[in-house]
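Everything below concerns the one structure shown next.
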Amino acid sequence: MIRNTTKHQKMGWVLFLLYLALLVYFLFFAESFGRTDSVRSGYSYNLTPLKEIKRFWIYRDRLGMRAFLLNIVGNVVGFMPGGFFLPIVSRRSKKWYNTVLIGAGFSLFVETVQLVFQVGSFDVDDMILNTAGAGLGYILYRMVQRARIWRRHRARKQ
């Protein structure tokens with residue numbers, strides 16, 4: 000896996016693993032997100048698509064901008080690095096649909112772990128936002144790749 004890789008891929012692996020470690024910390028252990036000290040009685044879940052997204056949008060004034068940004072924007076931004084680094088570290092992820100599917104699968108895994116261990120809640124809306132974040136991360140990766148190719152092409156012409 001690591002033996003036949005370029006320097007960029009090796010750096011991508013290091014950054015990807017660091018990203019995963021930070022993601023696990025914030026999703027399961029960060030006290031600022033209420034991950035400790037609160038023992039829930041029973042499981043918490045939402046299986047209705049767009050229910051929580053609508054609620055956060057409609058009641059954003061009452062809930063506060065911080066709660067809105069943490070939930071909606073945080074779920075998207077939190078998975079963007081995954082969508083960016085996957086095509087760097089995996090040849091299969093060079094196709095957009097593989098990156099999005101891996102992002103969706105990882106999001107399903109995270110939400111299931113949260114449900115089973117009662118850390119946070121299983122929320123289908125989080126899965127939608129996380130998957131969108133992985134897709135946006137892939138788009139950012141493609142934009143960076145095109146810019147690099149364009150710069151090389153312009154440098155050759157001069």
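Going by numbering that gives the first Met the number 0, 21 is the number at position 22 of the sequence shown; the sequence numbering is gapless. C-beta: ideal position from N, C-alpha, C; glycine also.
Distance, residue j Cα to residue i Cα
| i | j | result |
| --- | --- | --- |
| Val-76 | Leu-69 | 10 Å |
| Met-126 | Gln-157 | 47 Å |
| Asp-160 | Phe-67 | As shown, the chain starts at 0 and ends at 157. That puts residue 160 outside it, with no answer to give. |
| Tyr-44 | Arg-155 | 55 Å |
| Gly-63 | Ser-31 | 16 Å |
| Phe-55 | Pro-48 | 13 Å |
| Gly-119 | Lys-93 | 32 Å |
| His-152 | His-7 | 20 Å |
Chain-order list of residues whose beta-carbon lies under 6 Å from that of residue i (same chain, five-residue window excluded)
| i | result |
| --- | --- |
| Phe-83 | Gly-136, Leu-139 and Tyr-140 |
| Ile-52 | Asp-124 |
Where residue i falls, given that 16 or more other Cβ within 10 Å makes a residue buried
| i | result |
| --- | --- |
| Val-23 | exposed |
| Asn-74 | buried |
| Val-99 | buried |
| Gly-104 | exposed |
| Gln-144 | exposed |
Beta-carbon spacing of residue i, residue j below 9 Å
| i | j | result |
| --- | --- | --- |
| Ala-133 | Ile-87 | no |
| Leu-16 | Val-109 | no |
| Phe-121 | Leu-14 | no |
Own chain partners of residue i with C-beta closer than 8 Å, once the 5 adjacent residues on each side are dropped
| i | result |
| --- | --- |
| Ser-106 | Phe-78, Asp-125, Met-126, Asn-129, Thr-130 and Ala-133 |
| Ile-71 | Ile-52, Phe-55, Trp-56 and Leu-128 |
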